[in-house]
Structure formats: C-alpha cells, structure tokens
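Chemist: Sharing a structure, written as structure tokens. Questions coming.
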Amino acid sequence: MMLNERLKSTNHQVLAALSPRMTLPKDSYIYFNNLKKGYEGECKFDELCEKYLPPEWFVLRNLHYTLKGTDFQIDSILISQYNLILVDIKNFENDYYIKDGNWYTLSQHQISNPIAQKERIAILFQDLLNHFSSNLLVETYLLFINPAFTLYQAPIDSSLILPTQINRFMKTLNEKPIKLSESHHKLAEFLLSNQTSDKKHKCIPEHRYDMLKKGITCEVCNNFMKLSSKRSYLKCTSCGCEEKVEKAFIRNVLQYRVLFPEKAITTNNLVDWCEVLSDRTVSGLLRSNYKFIGHGKSVQYLV
C-alpha cells in the first residue's frame, strides 16, 4: 500500500508556477525540465508497484532527509517482511557509456555518476536507520525506467536495473515474504515523520510579484485562461481546454502560496493574481474552500 503521496518537490512547484509567468533563465529551464522528467519516471515506477506488488507491501515515496548537515532524497522505499528496499529511479533517455568509472553521453559529455550517488544515499540512509532499531536487510537499487535508455560497458551489478530487467526485478520483489507486523508500521512512521523540507535550489530565479504575468493558468498546457461562455467555467486561450472556475482557482491559489509564502491570502490579493475573476467570485471561492481569520477588510485565509 502507498503510505504517502508522491508530491512534486517545492522547487518543482515553484518553477512550474513561474514558467508561464516569466521567461526562465537557461539554468532554471534546464533544471525544471530535469525535475519534470524525473517526476514522470517516479510516477511510472509507482504504476509498476501497483501492478506487481501485493497490497500488503508498504511503499513510501519521495522522502527528503537531512543528516549531519547533508541533504538527500530517496525516490521510493519498499518495506517487505525481511527487507528495506531503496530504489533510486532514473528517467534517462538515449545512449550512455561508462569509461574508467565515469559516465558519459555518446557526445562525450560527462555526467554525475549515478552509482556513486546510490552508494552515497545508502550510507546516509544507514546512518539514519541507526536511530531506529531495525533488523531488516537494506537493499539499494538504481533503476532506469525509460525504455529508450541504453548503457554501454554496463557493469555486471545486480543492484543496477536496466529497462529490459525491470519486469523481472518486480516479479522477484513480488516473491518476497510479506507478513508485516507492528514493528514494520513503526518503522514506516519513523521514516515518514523524520523528513525535512527540501531546500531552495540555486537555479530558482528571482521572482518579485511585479515581475510576473498575472492570470489563471491552464492545467493542460500552462497557458492562460479566460472566462468561458459556459457558466462557471474557464477556457484556455491556447488549447481550448475548459475547466471549472473553482478547480482552476484553487490550483492558482496554491501557486500563489508556493511562490509567495510570506504574502497574505486575501480577496484583494487573489483578485489581482487571478485577474479574470471578480471580487465577488474570489471572495465566495475563498470562503467556501478555506478557513479564515479576522473580520471585514482584515480577513485572511489559511491555505
């Protein structure tokens, strides 16, 4: 069973909210695309877990920790009767090769060594686990989810799961004993409760409020929407997608919150942010969806 949601990281949410509202610098744009691709790969692995693993398994997703001043992330942790399985998911595409322990694209561009990253995560996780008494065997895997990925000179390493090995790997997991006890529940609670927030990345650009384009963005194509001729709907000016005003409004409130956590959620602020909705509509949507504090013009909503 999935014990937590796979949420996009704060950095991912910030860049997703910024991308239709400003021109991202090149480094931010590249980082954003890497985050999107990584998240897509992680979601594909979730689908594999749902397909292959019985519901008794505990599956924890997208976990962030800080240990001795070092931040690290684990894409997925699977808990079976005797094993704690860490899975580092890579959504790499195209051809790569290994030479003298280093990883390269075919155009000879060197990338960070994913095996070294996996080993680093395993060491940090073991240190974290020392704070919890567990006799489960920890296994760490590096899984390449994209079928369009090829690795030349790949080492013979059972912890390296290439695209053609994924189904066999998942079937092997499915054969593991799965009788979980109270101690497994406590371990899962420990791993979930000891998380830390992900830190702001250096590629997050400056984004003052007055720099950004205002309006409600489309969930499908990220372009801006206008009021539809259909009552209580908005329509995208680019792809033509229609969406209920309330749903689109809530999504854009969350964008406002992630971009400007220090700003108050008020009717006036959200009228300006959404641009295409009236004061009355915004006030009604805020009151029907969020708790509030204060009275009259001093009302602020809790998001």
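Going by my numbering, the sequence shown opens with residue 1051, and the numbers climb by one from there.
Each residue gets a CB set at the ideal place from its N, CA and C atoms; glycine is no exception.
Given the structure is predicted, the values throughout are model-derived calculations rather than measurements.
#1: Does the Cβ of Q1176 have 16 or more other Cβ atoms within 10 Å, making it buried, or fewer, making it exposed?
#2: Per DSSP, what are the beta-bridge partners of T1267 in this structure?
#3: Given T1120, which residues of its chain have a CB within under 6 Å of its CB, disregarding the five upstream and five downstream residues?
#4: Where does G1346 land, buried or exposed, given buried means 16+ other C-beta within 10 angstroms?
#5: Fully enclosed by the region 1103-1190, which beta strand (DSSP E) runs are 3 residues long or longer?
#6: Might you give, ordered along the chain, the residues of its own chain that have their beta carbon closer than 8 Å to the beta carbon of E1189, omitting 5 neighbours on each side?
#7: How would you label S1130, buried or exposed, when you count the other beta carbons within 10 angstroms and need 16 or more for buried?
#8: Which first and last residues belong to the beta strand (DSSP E) in which Y1351 is found?
#9: For E1312, write down the residues that DSSP places opposite it in a beta bridge.
#10: Sort P1104, E1256 and K1341 by Cα distance to P1075 and report the nearest one.
#11: Considering only the alpha carbon of each residue, which of G1091, P1105 and C1093 lies closest to K1229?
#12: Here's the rule I'm using: 16 or more other beta-carbon atoms within 10 Å means buried, otherwise exposed. How should D1322 be labelled?
#13: If I'm right that L1223 touches S1184 with Cβ under 8 Å, what's the distance once you round it to whole angstroms?
Modeler: Quick answer:
#1: With fewer than 16 other CB atoms across the displayed protein chains lying within 10 angstroms of its CB, Q1176 is exposed.
#2: For T1267, DSSP records a beta bridge to F1274.
#3: Cβ contact annotation for T1120 (same chain, cutoff 6 Å, sequence separation greater than five): none.
#4: G1346 sits exposed, since fewer than 16 C-beta atoms from the chains shown fall within 10 Å of its C-beta.
#5: Those beta strand (DSSP E) runs which fall completely within the region 1103-1190 and span 3+ residues are 1108-1117, 1120-1129, 1133-1140, 1144-1149 and 1152-1155.
#6: Excluding five sequence positions before and after E1189, the CB atoms of its chain that fall closer than 8 Å to its own CB belong to N1133, L1134, I1135, L1136 and S1209, given in chain order.
#7: By the 10 Å Cβ count, S1130 comes out buried.
#8: Q1350 to L1352 is the span of the beta strand (DSSP E), which, as asked, contains Y1351.
#9: Bridge partners of E1312: none, in fact.
#10: The residue among P1104, E1256 and K1341 with its C-alpha nearest the C-alpha of P1075 is E1256.
#11: Answer by Cα proximity: P1105.
#12: Looking at its Cβ environment, which holds fewer than 16 other Cβ atoms inside 10 Å, D1322 is exposed.
#13: Between S1184 and L1223 the Cβ distance is about 19 Å, and since that is not below 8 Å, they are no contact.
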